[in-house]
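Going by this note's numbering, the first residue of the sequence shown is number 6, and it counts up by one from there.
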Amino acid sequence: MDITWDMFVETEVPKDELIISRTDLRGIITYANETFAYISGYKPEELIGKPHNILRHPDMPKRVFKELWETIEAGKIWSGYVKNLRKDKGYYWVYAEVSGVYKDGKLVEYKSMRSWVPKEKRIQMQRIYDQMRFEAEEKVRGVSYLPRKLYDVLEQRAKEENLSIEKFLEKLLIN
Ligand SMILES: Cc1cc2nc3c(=O)[nH]c(=O)nc-3n(C[C@H](O)[C@H](O)[C@H](O)COP(=O)(O)O)c2cc1C
Numbered sequence: 006m007d008i009t010w011d012m013f014v015e016t017e018v019p020k021d022e023l024i025i026s027r028t029d030l031r032g033i034i035t036y037a038n039e040t041f042a043y044i045s046g047y048k049p050e051e052l053i054g055k056p057h058n059i060l061r062h063p064d065m066p067k068r069v070f071k072e073l074w075e076t077i078e079a080g081k082i083w084s085g086y087v088k089n090l091r092k093d094k095g096y097y098w099v100y101a102e103v104s105g106v107y108k109d110g111k112l113v114e115y116k117s118m119r120s121w122v123p124k125e126k127r128i129q130m131q132r133i134y135d136q137m138r139f140e141a142e143e144k145v146r147g148v149s150y151l152p153r154k155l156y157d158v159l160e161q162r163a164k165e166e167n168l169s170i171e172k173f174l175e176k177l178l179i180n
């Protein structure tokens, strides 16, 4: 069975630590501090050279990152709440500030500093982002408890057609 239980496990950023990274102008990670590595579950050397979207959590609405890029490309500071994906598919919430790094007045890189988010805020942002994805007709997170027999049948039928369970249900119910 191909289920990742870790996806429901939250890692809390310590209140007194900062997650720091820098990227090139395309968003490829060029620097990661120790805190970034252990909170995200990667080794620093696994992060360097990778696009920053390896942390993208499926719960994040597309519009948030569109606004992030538009803001920093316009030379301004973007700040906001981000739910990030860990290497083990768990997650962690951060409050992030992203902005340009300038050398002799020229934009050379981007940097991001992230910190702890209070629990009430995490709950509020989860609701807001779920609503944003729903309104933008993006993916909906569906968690359901199925009787074992029903799950086995679903899994078997999907396997026979060489499809994921999601694709199998789509084919069965929508086409
Ligand atoms: C300095 C910097 C830091 C970023 N930090 C994150 C981050 O922590 N998590 C994240 O999902 N995207 C982050 N992004 C945005 C990603 O580059 C990317 O736009 C986002 O993950 C959405 O993926 P997509 O553009 O492929 O749709 C950051 C971008 C920059 C420039």
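Glycine included, every Cβ here is placed at the ideal spot set by N, Cα and C.
Cβ-Cβ distance between residue i and residue j below 8 Å
{"i": "residue 117", "j": "residue 100", "result": "no"}
{"i": "residue 56", "j": "residue 95", "result": "no"}
{"i": "residue 90", "j": "residue 61", "result": "yes"}
{"i": "residue 190", "j": "residue 37", "result": "One cannot answer for residue 190 here, as it falls past the ends of the chain, which runs 6 to 180."}
{"i": "residue 44", "j": "residue 18", "result": "yes"}
{"i": "residue 103", "j": "residue 114", "result": "no"}
{"i": "residue 146", "j": "residue 93", "result": "no"}
{"i": "residue 88", "j": "residue 74", "result": "no"}
{"i": "residue 27", "j": "residue 141", "result": "no"}
{"i": "residue 9", "j": "residue 23", "result": "no"}
Unbroken beta strand (DSSP E) run spanning residue i, endpoints
{"i": "residue 113", "result": "111–120"}
{"i": "residue 78", "result": "Careful: residue 78 lies outside any beta strand (DSSP E), inside the alpha helix (DSSP H) at 67–78."}
{"i": "residue 100", "result": "96–108"}
{"i": "residue 88", "result": "83–90"}
Beta-bridge partners of residue i, as assigned by DSSP
{"i": "residue 163", "result": "None, per the DSSP bridge assignment."}
{"i": "residue 28", "result": "34 and 115"}
{"i": "residue 61", "result": "89"}
{"i": "residue 15", "result": "96"}
{"i": "residue 56", "result": "33"}
Host alpha helix (DSSP H) of residue i (start-end)
{"i": "residue 45", "result": "39–45"}
{"i": "residue 49", "result": "49–52"}
{"i": "residue 174", "result": "170–178"}
{"i": "residue 138", "result": "124–140"}
Neighbourhood of residue i by C-beta distance below 6 Å, restricted to the same chain and skipping five residues each side
{"i": "residue 138", "result": "66"}
{"i": "residue 46", "result": "91, 92 and 93"}
Other residues of its chain near residue i: CB distance less than 7 Å, five sequence neighbours each side excluded
{"i": "residue 29", "result": "35 and 114"}
{"i": "residue 12", "result": "94 and 95"}
{"i": "residue 169", "result": "163"}
{"i": "residue 21", "result": "none"}
{"i": "residue 167", "result": "none"}
Beta-carbon proximity list for residue i, same chain, < 8 Å, skipping 5 on both sides
{"i": "residue 77", "result": "83, 103, 104, 105 and 115"}
{"i": "residue 122", "result": "18, 86, 98, 99, 100 and 130"}
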